[in-house]
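Here is the structure we will look at.
In the numbering used here, the protein residues as written are 146 to 423.
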């Protein structure tokens with residue numbers, strides 16, 4: 146038979162962990178790019194214990210960014226960035242900016258990844274091009290194209306202040322294409338396409354830093370992301386405030402029951418010791 150006192154203690158501990166996770170979700174309700182943590186429970190002989198946390202993968206609402214360099218991915222997937230060691234990192238937080246050298250980076254200094262395009266807007270793989278239709282069809286089917294990515298660099302010419310030496314401005318379209326604009330906007334040339342990736346089991350990605358994820362064996366290999374990229378916006382937290390209030394009430398009730406069970410068992414133990422002593 147299970148020891149009710151041990152069961153109550155274990156349940157109390159796991160419930161406190163649950164309440165801590167809920168508090169973290171509610172604290173970050175307005176944090177851009179925050180992914181809601183969800184606690185799963187399993188039962189064992191000594192009581193309930195909290196398993197590893199899952200991440201809610203649903204999309205958060207959009208909010209105005211600080212510049213047109215910021216991006217919001219409307220749909221499934223992640224932006225791909227790389228650190229100084231070339232390691233692939235996946236994020237929903239498109240808080241990107243061009244540094245003084247014109248390199249597109251996130252707040253941690255990781256470089257935003259993209260594909261080099263030809264003047265038709267087709268992705269270049271070496272000397273060969275991949276049509277936009279093929280890329281789109283592959284993305285919609287959840288497949289992967291083995292295309293190397295590159296750092297996005299809109300080098301600013303110190304002599305004339307223009308992007309890549311000849312473009313007055315740039316524009317980021319919904320498919321993630323970055324266009325260089327010249328002649329007062331009359332000429333628009335495709336330069337890069339921002340890379341997005343998705344996973345068949347995105348909830349299994351490992352969050353090694355707030356809002357930054359690494360692939361795992363459980364998540365599977367990355368496939369092409371599919372969705373609209375909107376310039377000048379950021380994604381807010383996907384935490385559900387009302388839902389977490391409801392979870393907190395449930396956790397509070399579970400904690401009260403656990404405390405009563407512990408208190409009752411302590412009283413029974415004290416009474417038993419008193420009778421033995423007599």
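Think of the CB as a built atom: it goes at the ideal place given N, C-alpha and C, for glycine as much as any other residue.
- With contacts defined as CB atoms closer than 7 Å, residue 257 and residue 297 qualify as a contacting pair.
- In this structure, 220 is the residue among 220, 273 and 174 with its C-alpha nearest to the C-alpha of residue 321.
- In the structure shown, the three-state DSSP call for residue 222 is coil.
- Taking the C-beta atoms as reference points, residue 177 is found nearer than 7 Å to residue 238.
- The criterion of a C-beta distance shorter than 7 Å is not satisfied by residue 201 and residue 214.
- Residue 210 is classed as buried because its beta carbon has at least 16 other beta carbons within 10 Å across all chains shown.
- Cα atoms of residue 329 and residue 306: separation of roughly 15 Å, rounded to the nearest angstrom.
- Assignment of residue 298 by DSSP, reduced to helix, strand and coil, places it in the strand class.
- Under the DSSP definition of a beta bridge, residue 177 lacks any partner.
- Counting along the chain, residue 277 sits inside the alpha helix (DSSP H) bounded by residues 277-285.
- The C-beta distance from residue 247 to residue 323 rounds to 12 Å, too long to meet the 8 Å contact threshold.
- The residues 268 and 290, in chain order, have a CB closer than 7 Å to that of residue 280 in the same chain once the five nearest residues on each side in sequence are set aside.
- In this structure residue 224 is in contact with residue 341, their Cβ atoms being roughly 6 Å apart against a cut-off of 8 Å.
- Remark: three or more beta-carbon pairs, one from each stretch, lie closer than 8 Å, so the segment 164-176 and the segment 382-391 are flagged as touching.
- In summary, residue 205 is buried, with 16 or more beta-carbon neighbours lying within 10 Å of its beta-carbon over all protein chains present.
- Here the alpha carbon of residue 409 sits roughly 23 Å from the alpha carbon of residue 164.
- Beta-bridge partners of residue 258 (DSSP): 296.
- Between the alpha carbons of residue 264 and residue 231 lies a distance of about 28 Å.
- In this model, residue 249 and residue 317 are separated by some 13 Å (Cα to Cα).
- When DSSP assignments are scanned along the segment 356-413, the uninterrupted stretches of beta strand (DSSP E) that are 3 or more residues long and fall wholly within it turn out to be 357-359, 371-376 and 378-380.
- About 13 Å separates the CB atoms of residue 292 and residue 339; that is not less than 8 Å, and the two are not in contact.
- Cβ-Cβ distances below 7 Å link residue 255 to 226, 227, 228 and 234 in the same chain, with the five nearest sequence neighbours on each side left out; the list follows chain order.
- Membership of residue 154 in the alpha helix (DSSP H) is indicated by the continuous run 149-172.
- Shortest Cα-Cα distance from residue 240 to any of 155, 400, 179 and 151 involves 179.
- Sequence-distant partners of residue 277 (beyond 5 residues in either direction) whose C-beta falls short of 7 Å from its own C-beta, in its chain, are 266 and 267.
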